[in-house]
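Single-structure report; data block below.
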Amino acid sequence: MRTDERTLAYGGGWLDRAGALRADPGWIAARLTDPESVLLPLWRDRCLVSADRAPVRRSAAGAAELRAAADETVFLGLDAGRALFAVDLSGRGEAEACALAGAAEAVDVRALVGGLGAAEAAVQAYAKGLLHWHRGQRFCGGCGAATVARDGGHTRSCTGAGCGRLLFPRIEPAVIVLVEAPGEPERCLLARHRGAAEGSWSTLAGFVEVGESLEDAVRRELAEEAGVTVVDVAYQGSQAWPFPAGLMVGFRATAASTEVRVDGDEVVDARWFTRAELRERVAAGRPLGRIDSIDHHLLHGWLAADD
Ligand SMILES: [Zn+2]
61 MRTDERTLAY GGGWLDRAGA LRADPGWIAA RLTDPESVLL PLWRDRCLVS ADRAPVRRSA
121 AGAAELRAAA DETVFLGLDA GRALFAVDLS GRGEAEACAL AGAAEAVDVR ALVGGLGAAE
181 AAVQAYAKGL LHWHRGQRFC GGCGAATVAR DGGHTRSCTG AGCGRLLFPR IEPAVIVLVE
241 APGEPERCLL ARHRGAAEGS WSTLAGFVEV GESLEDAVRR ELAEEAGVTV VDVAYQGSQA
301 WPFPAGLMVG FRATAASTEV RVDGDEVVDA RWFTRAELRE RVAAGRPLGR IDSIDHHLLH
361 GWLAADD
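See below:
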């Protein structure tokens, strides 16, 4: 793969996250009343969109009511010098949140992604992931006292006497692997996951566990789910996947043998496909992975190679 990272949805580093500036509460407060600043309202992990399904963006000028109604307002970054904030209206009912934001409805960003520009999709996903984290971290896991947002919403700190624990947004990495068979013909391993639609095949993936490197996780997942021993584990690229807290890390690996033994639990079937077979599937209108996923990019990157 190793393509331009901006070809993968939800990432791309579109904003200047202004790490030093956001640590200054006075600077954040000034940005919140700066008429140049822009507010992105969200409701319970969903984008608030207008009737034509464009995410609502409000100028900070005249948005006092919106801000006053928010559970949390977090600084996302600077977009060409203008500050962008995400505003969480999750504590309100859906109709009230829409009315406050001037929106027609609330829609998941993954349902909108085909119609959004890459920067808008990335910023909406980022806002969703960060606000989701805040909603789940209102109390300290050490002493149980309330926590408060700091650094423009990029940390929370415990208010408990003598505690002061700092909480940082949690990222949960997962590996996703395109496994090639040894020898000829060139084939790759795809699996059918329990609960997936009939005839739906995808690459193998799983969460990284404590005490594992990414490569350890690749070897374990393939052994557990497909009974395959892999060698030559090679990094391909990564994708922000804040649904709610993922980071997808893509690899290619080569199997030591073509023997496959699925776990029958998460994976109900796995088999080897040639490029010709996969091209036939695509030509027949059966897509390989969601268009916005790294799975899709891994498979199409492999298909693009010569036979
Ligand atoms: Zn505490």
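Count along the sequence shown from 1, then add 60; that gives the number in my numbering.
Where a beta carbon is used, it is the ideal one built from N, C-alpha and C, also for glycine.
Whose C-beta lies closer than 7 Å to the C-beta of residue i among residues of the same chain, with five residues either side of it excluded?
i	result
Gly-349	Ser-262, Asp-355, His-356 and Leu-359
Glu-96	Arg-142
Asp-94	Ala-120 and Ala-143
Residue i to residue j, Cα distance in whole Å?
i	j	result
Arg-62	Gln-184	Low local confidence applies: a pLDDT of 45 at Arg-62 is under 50, so the model's placement there is unreliable, with the coordinate-based value given in what follows. Arg-62 and Gln-184: Cα-Cα distance of roughly 25 Å.
Asp-292	Arg-198	43 Å
Arg-13	Gly-310	No statement about residue 13 is possible, as the shown extent of the chain runs from 61 to 367 and does not include it.
Asp-323	Val-278	16 Å
Val-124	Ile-88	The amino acid at residue 124 is misidentified as Val; the sequence shows Ala. If I take the Cα positions, the gap works out to 15 Å.
Gly-201	His-253	34 Å
Ala-265	Gly-73	25 Å
Phe-135	Val-288	45 Å
Asp-148	Val-328	40 Å
Closest by CA to residue i, which one among the options?
i	options	result
Ala-58	Pro-304, Glu-281 and Ala-181	Residue 58 is absent from the model: the chain starts at 61 and stops at 367.
Arg-157	Ala-130, Tyr-295, Ala-171 and Ala-146	The sequence given here has Ala at residue 157, not Arg. Nearest C-alpha to Ala-157: Ala-130.
Leu-338	Ser-260, Glu-284 and Val-290	Ser-260
Phe-228	Arg-104, Arg-252, Ala-241 and Gly-189	Gly-189
Thr-318	Ala-121, Ser-273, Thr-219 and Thr-334	Thr-334
Val-173	Trp-301, Arg-346 and Glu-285	Trp-301
Ala-78	Asp-211, Val-169 and Gly-204	Asp-211
Pro-347	Ala-159, Gly-196, Gly-224 and Glu-258	Glu-258
Glu-285	Ile-236, Glu-340, Tyr-186 and Arg-117	Ile-236
What residues in its chain sit with their C-beta under 6 Å from that of residue i, if we drop five residues either side in the sequence?
i	result
Phe-267	Ala-234
His-194	Glu-132
Comparing the C-beta of residue i with each C-beta of chain B, is any distance below 7 Å?
i	result
Gly-141	Protein chain content of the structure displayed is limited to a single chain, and chain B is not contained in it.
Whose C-beta lies closer than 8 Å to the C-beta of residue i among residues of the same chain, with five residues either side of it excluded?
i	result
Pro-242	Thr-314, Ala-315, Ala-316, Ser-317 and Thr-318
Tyr-295	Leu-274, Val-309, Gly-310 and Phe-311
key: ligand 1 site residues, beta-carbon cut 6 Å against heavy atoms   = Those residues, listed in chain order, are Cys-200, Gly-202, Cys-203, Ala-205, Cys-218, Gly-220, Cys-223 and Arg-225.
Segment contact flag, the stretch 76-83 with the stretch 100-113, C-beta cutoff 8 Å, min 3 pairs = At 8 Å Cβ cutoff, the stretches do not touch.
message = Does the stretch 157-172 come into contact with the stretch 102-118, if we say contact requires no fewer than three beta-carbon pairs (one atom in each stretch) closer than 8 Å?
response = Yes, the stretch 157-172 touches the stretch 102-118.
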